[in-house]
Structures are given as structure tokens and as C-alpha cells.
Amino acid sequence: MKGSITYYQAWEYFLGVMLLSAYREFEQRVGYVTSAKGTKTAIVLDAINNLPQEFSIRELQERCPTVGIDLIRRLLRQERDAGRLECRGRGVEAHWRKQ
-7 MKGSITYYQA WEYFLGVMLL SAYREFEQRV GYVTSAKGTK TAIVLDAINN
43 LPQEFSIREL QERCPTVGID LIRRLLRQER DAGRLECRGR GVEAHWRKQ
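The opening position of the sequence shown corresponds to residue -7 in this note's numbering, with each subsequent residue numbered one higher.
Next up, the structure:
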């Protein structure tokens, strides 16, 4: 019985080491899952730069699926207030135009 317990503990240790090394390799290849502060802002601003001259919020949302609508709206207002965007229309039909 003692031999099977030792074997089981060795097997448990081996699996733990293998899982830990696999996770570390995965982390190195893909990067950490958590995002740094400001990453989502950068995603939205980059998407705006890559959209056509005139675009809708829906188009922006499609390009930034991990970003909430509140942050998108706040950034659009900031860009408008800075003179880089102009809002044309209201509600669902509203479009944004780059200046």
C-alpha cells in the first residue's frame, strides 16, 4: 500500500509541474489576460483612426467588442470637445465625422 501512495504522490507532483510549466509557456506566448490601464481607450482611439471619415457608434462598437458603450460614448465626447470629431444627428441615426 505504501508503494501506491508514493506513486500517487509522485504522479500528482509530476502533473502539477507539467501544468505549471504549460501555463507559464502559454502566458509568455499570449500575454497576461488582464489589461493595463488605458488599453481600452487606446483600442477605441485606434479604431476611430481606422474607420472611414464618417462612421456610426455601431460601427465603432463592432470594432471594439470588449469595450463598454459608456466608455465609447465618453471618448467620443472627449474627441468632440477637443475638436477632432463632429457629431451629426441624434440617436440611432447619429454619425460621427472626423475633422
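All C-beta atoms, glycine included, are put in the ideal place defined by N, C-alpha and C.
These numbers come from a predicted model, not from an experiment.
Range of the contiguous alpha helix (DSSP H) that encloses L37: Against the sequence shown, residue 37 aligns to sequence position 45. Annotation for L37: the continuous alpha helix (DSSP H) segment containing it runs 31 to 42.
Touch test, the segment 4 to 19 against the segment 34 to 41, Cβ-Cβ under 8 angstroms, three pairs minimum: Verdict: no, contact absent.
Own chain residues within Cβ distance below 6 angstroms of R76, not counting five before or after: Numbered from 1 along the sequence shown, position 84 holds the residue referred to as residue 76. In the same chain as R76, and ignoring 5 residues on each side of it, the C-beta atoms closer than 6 angstroms to its own belong to Q91, in chain order.
Proximal residues to G81 (C-beta, below 7 angstroms), its chain only, five neighbours per side dropped: Position 89 of the sequence shown holds residue 81. For G81, where only same-chain residues beyond five positions count, the Cβ hits under 7 angstroms are H87.
Supposed close pair E19, R89 - CB separation, criterion 8 angstroms: Indexing the sequence shown from 1 puts residue 19 at position 27. Indexing the sequence shown from 1 puts residue 89 at position 97. Their Cβ separation, rounded to whole angstroms, is 42 angstroms, which puts E19 and R89 out of contact at 8 angstroms.
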